[in-house]
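Using our numbering, you'd call the opening residue of the sequence shown number 103 and step up by one each time.
What follows is one structure encoded as structure tokens, with my remarks underneath.
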Amino acid sequence: MQNQPPNFRANNFSAGPSSIPEEVLTVVQRDLFNFDNTGISVMEMSHRSKSFTKVFKEAEEDFRKLYDVPDNYYVLFMQGGGTGEFAAVYLNLINSKVIRQKQRDSSNPLKCAYIVSGSWSKLAKKECERLGGQTHLIVDCQDSASGKYLTVPPVSDWDILPTQDLAYVYYCDNETIGGLEFESDSVYPHFDNSVPIVCDISSNALTRKVDFSKFGIVYAGAQKNMGPSGLTVVVVRKDLVERDSIAQSQINPLPGFPSVLDYKYFVDGGFMPHTPTTFSIYVCGLVFKYILQKGGVDEMNRLSVQKSSLFYNLIDSNPQFLNNSIDKRYRSRLNCVFTLTNPSLDSKLLQDAANNNFFEIKGHRSTGGFRASFYNAITVNQVSLFVEFLSKFIQENS
């Protein structure tokens, strides 16, 4: 990538931090030195200033527009990424008035129930256990023979506890590493609506609609489909943020937890209880506006289907050379994983791809193989060019 012209742009298929739309980067470039004629960089600006307050409020408003977020849900801009939310979800729910009352009415400890469909949901379950949570495995999607996550077992094979025994149900909608994505209604129809469903949409945020009324908490790290790393958007139902009275808390105390993970701290402290990730919020706000201008989440979904279909058609048309073993119902539209049937060509593919301006296609270190992430900032044309490149590579190396 040396000796490239100043305006050179790579085809960056990174799984995150990932590509940001060029139109957005152009605005960022302009504002980086002088934001809104203030003479101050957007990165230097006080989070309490009128200019940034406007940025913050517009970002939340545009996010709500994109998703039609109901009024009985808070939208919080938090730090800590998805890993922080592994802990925050458990700590906030186990301290919520709704769950604590349910626990008082139960003779057994409530279970934090997890669907494990890949690396991130597995880590979320482990984090809950590390904090002392009573976990329950609803289903493990891992294939015993290959060790990979290839499909979602039928609901008849799920171990679903009675409603009165459940604190919440957790799953990851799209597993970035393994490339398994749930269908949008795969989980919530199988549980009573009194049980909060928690969903991590970090890697497929803003790529299809979410019916938030079916969920207690939905969260997403920004660094894949929304903007730079450092910001996590949390959508949480308002009643789940309520806490016991002081008197009741003294009767049945629970361990406290850091303010930076406490949803109530963010709600009670106004929209910015402490210095937020100002630059990330600013860029995400620009991305929200960009998506609204391009037709909203429905249009992003249409394009996601188009891009992934182009790629998977190539995979399925060349089984002698390329492989993706994931059940077609659950193939990710965003993180398209594949292997070569002849692994000795792996290094050559990486080098040839780089020579043709396609980068970040090496699979995760835990899985190997290859992964091309087609987030919203990746165009249909970029995917088409990549498919053409792979088709030529297959012809030359078969």
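Beta carbons are placed, not taken as given, at the ideal position from N, Cα and C, and that holds for glycine.
Inset, instruction - Answer yes or no: do D346 and K159 have a C-beta to C-beta separation smaller than 8 Å? - result: no
Inset, instruction - Spell out the partners DSSP gives Q244 in its beta bridges. - result: Y251
Legend entry - Residues sharing a beta bridge with L424, DSSP: L442
Legend entry - Extent of the continuous alpha helix (DSSP H) to which M402 belongs: G398 to S419
Inset, instruction - Could you check the C-alpha separation between V218 and N109 for me, to the nearest Å? - result: 43 Å
Legend entry - Touch test, the region 434-444 against the region 293-307, Cβ-Cβ under 8 Å, three pairs minimum: yes
Inset, instruction - Verify whether the separation of the beta carbon atoms of P298 and I319 is less than 8 Å. - result: yes
Inset, instruction - Go to L487, then tell me how far its alpha helix (DSSP H) extends in each direction, as first and last residue. - result: V482 to N499
Legend entry - Per-residue DSSP class, three states only, for V389: helix
Inset, instruction - Leaving aside the five residues before and after K224 along the sequence, list all residues of the same chain whose C-beta is less than 7 Å from its C-beta, in chain order. - result: V218
Inset, instruction - Kindly confirm or deny that the region 230-238 and the region 183-192 touch, where touching means at least three C-beta pairs closer than 8 Å. - result: yes
Inset, instruction - Measuring alpha carbon to alpha carbon, tell me which of A247, S258 and A215 ends up nearest L239. - result: A215
Legend entry - Proximity below 8 Å, CB of L178 to CB of V338: yes
Legend entry - Touch test, the region 256-272 against the region 407-426, Cβ-Cβ under 8 Å, three pairs minimum: no
Inset, instruction - With L178 as the anchor, note down where its beta strand (DSSP E) starts and where it stops. - result: Y175 to M180
Inset, instruction - Excluding the 5 residues preceding and the 5 following E125 in the sequence, name in chain order all residues of the same chain whose CB lies nearer than 7 Å to its CB. - result: Y392
Legend entry - Stretch-stretch touch, CB-based, cutoff 8 Å, three pairs: the region 322-332 with the region 465-474: no
Inset, instruction - For the alpha helix (DSSP H) containing T469, list its first residue and its last residue. - result: Here T469 belongs to no alpha helix (DSSP H), and DSSP marks it neither H nor E.
Inset, instruction - Indicate, with yes or no, if the ligand PLP has a heavy atom lying under 7 Å from the CB of D287. - result: In the structure shown, the ligand PLP is absent, as is every other ligand, since no ligand is present at all.
Inset, instruction - Return the CA-CA distance between G387 and A247, expressed in angstroms with no decimal places. - result: 44 Å
Inset, instruction - Please work out which residues of its chain come closer than 6 Å, Cβ to Cβ, to T278, disregarding the five sequence neighbours upstream and downstream, and give them in chain order. - result: A117, S305 and N437
Legend entry - Distance between beta carbons of F461 and T443, contact taken as under 8 Å: About 23 Å; that fails the 8 Å criterion.
Inset, instruction - May I ask you to verify whether the region 135-146 touches the region 367-374, counting CB pairs closer than 8 Å and requiring at least 3? - result: no
Legend entry - Backbone secondary structure at L233 - three-state DSSP: coil
Inset, instruction - Return the bridge partner residues of H238 from the DSSP annotation. - result: A215
Legend entry - Where N109 falls: helix, strand or coil (DSSP): coil
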